[in-house]
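Chemist: Heads up: take any position in the sequence shown, counting from 1, add 82, and you land on our numbering.
A single structure is presented below for examination.
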Amino acid sequence: MYSGRIEDLVEIQSNVKEYMKDYNLNYVYIIWFMYICSGDYKFTLESAKTVYDFIVFDGYPNPFEFKEGMSGPTKYFEKSLSTLRENKTLFCSEDDRKSMEKYDAVLKYYLELCWPPMKPRKSSSCTIS
């Protein structure tokens, strides 16, 4: 992985945020987080933390409720869950109530999408509508 990847990601996020002001960008960030955690693209844990920090959680109702459905390979959802669980101290601090609330909300979001694990299907994906 080249050293500019995180800086590039931050620059892309800045551009998306600027041009998509009226859009719930958590949808984009959740997808980015999944792909980074998938292990298929050689991103670092630092990249996962960077994207996690993009996710907005300010207590408003349903920050992860989207008009669009979300789907992807089951393994991406599962790897996101395991990344969150195995690195909890990276994503939140027990001394910071807001960071714990955000962590719990993101974890719950992934749990609701794919837990209990779906029976294997031809497409093997998790979906919400």
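Quick reminder that beta carbons are idealized off the backbone N, C-alpha and C, glycines included.
Go through the segment 104-192 residue by residue and report every complete run of the alpha helix (DSSP H) that reaches 4 residues or more, in order.
Modeler: For the segment 104-192, whole alpha helix (DSSP H) runs of length 4 or above, ordered along the chain, are 108-119, 127-136, 156-168, 170-173.
Chemist: Using only the alpha-carbon positions, how far apart do ARG61 and TYR105 sit?
Modeler: Residue numbering for the chain in the displayed model covers 83 to 211; residue 61 lies beyond these limits and cannot be assessed.
Chemist: Just how far apart, CA to CA, sit PRO143 and LYS124?
Modeler: Residue placement at PRO143 cannot be trusted, given a pLDDT of 48 that sits under 50; what the coordinates show is reported in the next sentence. Approximately 34 Å between the Cα atoms of the pair.
Chemist: I believe VAL188 touches LEU172 by the beta-carbon criterion, under 8 Å. Please report the beta-carbon distance rounded to the nearest angstrom.
Modeler: Actually they do not touch by this definition, with Cβ atoms about 13 Å apart.
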